[in-house]
Amino acid sequence: MRLMFFVLALIAAMPRMSLADNETIQWKEVGGWTVAVDPTLDNGCFVLTSFDDDTIFRLGFNFRKKDKPLYILLGNPNWKSLEKGKHYPIELSLDQTQWTADARGLDLDGLKSLWIDTDDTDLIEEFSGKLSFRARFNGKEIAALGLKDSERAADELLACQKAVNDAVMKQPAPPQSKDPFEAKPGTQASDPFDL
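Counting from 16, one number per residue, gives the positions in the sequence shown under the working numbering.
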(Lines of atoms letter the chains of each structure in order from A; the text may use other names.)
(Lines give C-alpha, C1' and ligand atoms only; values in the text may rest on other atoms or scores of the structure.)
Protein backbone atom coordinates (compact mmCIF):
# COMPACT_ATOMS: atom_id res chain seq x y z
CA MET A 16 0.00 0.00 0.00
CA ARG A 17 2.88 2.37 0.81
CA LEU A 18 4.32 1.73 -2.65
CA MET A 19 1.08 2.81 -4.30
CA PHE A 20 0.97 6.00 -2.19
CA PHE A 21 4.60 6.80 -3.03
CA VAL A 22 4.08 6.32 -6.78
CA LEU A 23 0.88 8.41 -6.62
CA ALA A 24 2.75 11.15 -4.72
CA LEU A 25 5.60 11.06 -7.27
CA ILE A 26 3.09 11.24 -10.09
CA ALA A 27 1.09 14.03 -8.46
CA ALA A 28 4.23 16.15 -8.11
CA MET A 29 4.91 16.05 -11.86
CA PRO A 30 3.10 18.39 -14.28
CA ARG A 31 0.38 16.92 -16.51
CA MET A 32 0.89 16.73 -20.29
CA SER A 33 -1.49 18.04 -22.88
CA LEU A 34 -0.07 16.44 -26.04
CA ALA A 35 -0.44 12.77 -25.08
CA ASP A 36 -3.42 11.78 -22.96
CA ASN A 37 -4.85 12.86 -19.63
CA GLU A 38 -3.11 10.09 -17.71
CA THR A 39 0.52 10.94 -18.57
CA ILE A 40 2.92 12.93 -16.43
CA GLN A 41 5.65 15.04 -17.97
CA TRP A 42 9.23 14.32 -16.96
CA LYS A 43 11.24 16.67 -19.18
CA GLU A 44 11.49 18.40 -22.58
CA VAL A 45 14.61 17.52 -24.59
CA GLY A 46 15.34 18.91 -28.05
CA GLY A 47 11.73 18.94 -29.24
CA TRP A 48 10.86 15.65 -27.51
CA THR A 49 8.58 15.32 -24.51
CA VAL A 50 9.68 12.66 -22.02
CA ALA A 51 6.88 11.46 -19.76
CA VAL A 52 5.54 8.66 -17.57
CA ASP A 53 2.37 6.73 -18.39
CA PRO A 54 0.84 5.27 -15.21
CA THR A 55 -1.63 3.24 -17.30
CA LEU A 56 1.34 1.25 -18.68
CA ASP A 57 2.62 0.36 -15.19
CA ASN A 58 4.66 3.57 -15.02
CA GLY A 59 6.43 3.12 -18.33
CA CYS A 60 8.33 6.17 -19.58
CA PHE A 61 8.09 7.31 -23.20
CA VAL A 62 9.30 9.97 -25.64
CA LEU A 63 6.87 11.85 -27.84
CA THR A 64 7.12 14.40 -30.62
CA SER A 65 4.87 15.79 -33.34
CA PHE A 66 5.62 16.85 -36.90
CA ASP A 67 4.41 19.51 -39.35
CA ASP A 68 2.02 17.05 -41.04
CA ASP A 69 0.34 16.44 -37.61
CA THR A 70 1.91 12.99 -37.24
CA ILE A 71 2.60 11.99 -33.64
CA PHE A 72 5.49 9.61 -32.84
CA ARG A 73 5.75 7.96 -29.42
CA LEU A 74 8.27 5.33 -28.26
CA GLY A 75 8.22 3.85 -24.79
CA PHE A 76 7.96 1.10 -22.22
CA ASN A 77 4.77 -0.88 -21.59
CA PHE A 78 5.26 -3.02 -18.49
CA ARG A 79 1.75 -4.41 -18.72
CA LYS A 80 3.05 -6.68 -21.51
CA LYS A 81 5.95 -8.67 -20.11
CA ASP A 82 6.63 -10.44 -23.42
CA LYS A 83 6.67 -7.21 -25.48
CA PRO A 84 7.70 -4.38 -23.14
CA LEU A 85 8.41 -1.73 -25.80
CA TYR A 86 6.08 0.00 -28.23
CA ILE A 87 5.86 2.58 -30.99
CA LEU A 88 2.73 4.65 -31.46
CA LEU A 89 2.12 6.56 -34.70
CA GLY A 90 -0.90 8.79 -35.04
CA ASN A 91 -2.30 11.27 -37.52
CA PRO A 92 -5.75 12.94 -37.58
CA ASN A 93 -5.89 12.36 -41.36
CA TRP A 94 -5.92 8.58 -40.94
CA LYS A 95 -9.70 8.57 -40.53
CA SER A 96 -10.22 5.12 -42.08
CA LEU A 97 -8.05 3.33 -39.49
CA GLU A 98 -10.25 0.91 -37.58
CA LYS A 99 -9.91 0.49 -33.83
CA GLY A 100 -8.70 -3.02 -33.01
CA LYS A 101 -7.90 -3.97 -36.61
CA HIS A 102 -4.40 -5.29 -37.34
CA TYR A 103 -2.26 -3.71 -40.07
CA PRO A 104 1.03 -5.12 -41.43
CA ILE A 105 3.45 -2.18 -41.40
CA GLU A 106 6.99 -1.93 -42.82
CA LEU A 107 9.21 0.22 -40.60
CA SER A 108 12.72 1.63 -40.89
CA LEU A 109 15.13 3.54 -38.70
CA ASP A 110 17.69 4.92 -41.15
CA GLN A 111 18.78 1.73 -42.97
CA THR A 112 17.43 -0.80 -40.44
CA GLN A 113 14.15 -2.28 -41.70
CA TRP A 114 11.58 -4.65 -40.24
CA THR A 115 7.92 -5.63 -40.54
CA ALA A 116 5.50 -5.29 -37.63
CA ASP A 117 1.90 -6.02 -36.76
CA ALA A 118 0.25 -2.71 -35.83
CA ARG A 119 -3.13 -2.40 -34.13
CA GLY A 120 -5.51 0.46 -34.88
CA LEU A 121 -6.44 2.80 -32.01
CA ASP A 122 -8.64 5.85 -31.59
CA LEU A 123 -7.16 8.12 -28.93
CA ASP A 124 -9.80 10.78 -28.40
CA GLY A 125 -10.19 11.28 -32.15
CA LEU A 126 -6.53 10.78 -33.07
CA LYS A 127 -6.37 7.69 -35.28
CA SER A 128 -3.23 5.78 -34.39
CA LEU A 129 -1.21 2.63 -34.91
CA TRP A 130 0.17 0.79 -31.87
CA ILE A 131 3.15 -1.50 -32.46
CA ASP A 132 4.29 -3.80 -29.64
CA THR A 133 7.79 -5.25 -29.81
CA ASP A 134 10.07 -7.54 -27.87
CA ASP A 135 13.17 -5.98 -29.52
CA THR A 136 15.14 -5.01 -26.43
CA ASP A 137 17.58 -3.08 -28.64
CA LEU A 138 14.89 -0.78 -30.04
CA ILE A 139 15.81 2.21 -27.89
CA GLU A 140 19.50 1.79 -28.73
CA GLU A 141 18.57 1.47 -32.43
CA PHE A 142 16.42 4.63 -32.17
CA SER A 143 19.20 6.59 -30.44
CA GLY A 144 21.11 8.75 -32.87
CA LYS A 145 19.03 7.80 -35.90
CA LEU A 146 18.09 10.53 -38.35
CA SER A 147 14.89 9.17 -39.88
CA PHE A 148 11.91 6.92 -39.24
CA ARG A 149 9.69 5.66 -42.05
CA ALA A 150 6.54 3.58 -42.10
CA ARG A 151 4.84 1.96 -45.10
CA PHE A 152 1.47 0.27 -45.46
CA ASN A 153 0.57 -1.74 -48.59
CA GLY A 154 3.65 -0.33 -50.35
CA LYS A 155 2.65 3.29 -49.63
CA GLU A 156 4.71 5.50 -47.35
CA ILE A 157 2.49 6.73 -44.50
CA ALA A 158 5.18 8.45 -42.42
CA ALA A 159 8.62 9.89 -43.18
CA LEU A 160 9.87 11.56 -40.03
CA GLY A 161 13.12 13.29 -39.13
CA LEU A 162 14.44 12.20 -35.74
CA LYS A 163 16.40 15.27 -34.70
CA ASP A 164 17.94 14.86 -31.22
CA SER A 165 16.88 11.20 -30.98
CA GLU A 166 20.05 10.39 -29.03
CA ARG A 167 19.25 12.96 -26.34
CA ALA A 168 15.63 11.77 -26.27
CA ALA A 169 16.68 8.12 -25.86
CA ASP A 170 19.13 9.00 -23.07
CA GLU A 171 16.43 10.93 -21.21
CA LEU A 172 13.90 8.13 -21.77
CA LEU A 173 16.27 5.69 -20.05
CA ALA A 174 17.02 8.20 -17.26
CA CYS A 175 13.28 8.67 -16.68
CA GLN A 176 12.66 4.93 -16.49
CA LYS A 177 15.62 4.41 -14.16
CA ALA A 178 14.33 7.13 -11.81
CA VAL A 179 10.82 5.65 -11.77
CA ASN A 180 12.15 2.11 -11.24
CA ASP A 181 14.48 3.30 -8.44
CA ALA A 182 11.59 5.08 -6.71
CA VAL A 183 9.44 1.95 -6.90
CA MET A 184 12.27 -0.31 -5.66
CA LYS A 185 12.93 1.86 -2.60
CA GLN A 186 9.47 1.21 -1.26
CA PRO A 187 9.22 -1.57 1.30
CA ALA A 188 7.13 -4.59 0.44
CA PRO A 189 3.78 -4.73 2.21
CA PRO A 190 3.83 -6.95 5.30
CA GLN A 191 2.64 -10.50 4.71
CA SER A 192 -0.11 -11.80 6.93
CA LYS A 193 0.65 -14.89 8.97
CA ASP A 194 -3.06 -15.75 9.15
CA PRO A 195 -3.75 -18.55 6.63
CA PHE A 196 -7.51 -17.95 6.97
CA GLU A 197 -7.40 -14.28 6.05
CA ALA A 198 -9.27 -13.56 2.83
CA LYS A 199 -7.53 -11.57 0.13
CA PRO A 200 -8.60 -7.89 0.07
CA GLY A 201 -11.63 -7.25 -2.09
CA THR A 202 -12.82 -10.87 -2.10
CA GLN A 203 -16.00 -12.16 -0.58
CA ALA A 204 -16.50 -15.85 -0.44
CA SER A 205 -19.47 -17.76 0.90
CA ASP A 206 -17.04 -20.52 1.87
CA PRO A 207 -14.52 -19.11 4.41
CA PHE A 208 -11.92 -21.61 3.15
CA ASP A 209 -12.31 -20.48 -0.46
CA LEU A 210 -9.45 -17.98 -0.62
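By construction, the Cβ of each residue, glycine as well, lies at the ideal position given by its N, Cα and C atoms.
In the three-state reduction of the DSSP assignment, Q41 falls in the strand class, which pools E and B. The beta carbons of V52 and A168 sit no closer together than 8 Å.
Under the DSSP definition of a beta bridge, I131 partners with I87, A118. Our two residues, E38 and P195, have alpha carbons roughly 38 Å apart in a direct line. Note that the C-beta distance between I105 and A174 is not below 8 Å. Uninterrupted alpha helix (DSSP H) stretches at least 4 residues long and entirely within the region 134-182 occur at 138-142, given in chain order. DSSP, reduced to helix, strand and coil, places P104 within a strand of the structure shown.
Less than 8 Å separates the beta-carbon of P84 from that of F76. F78 and V50 have their C-alpha atoms roughly 17 Å apart. A direct Cα-Cα distance of roughly 6 Å separates G161 from L146. Taking 8 Å as the upper bound for CB-CB distance, F142 and L109 are in contact here, some 6 Å apart. The shortest CA-to-CA distance from N58 to any of L121, S165, I131, V183 is the one to V183. Distance between Q113 and A158, taken at the CA atoms: about 14 Å.
In this structure, the CA atom of P92 is about 19 Å from the CA atom of F148.
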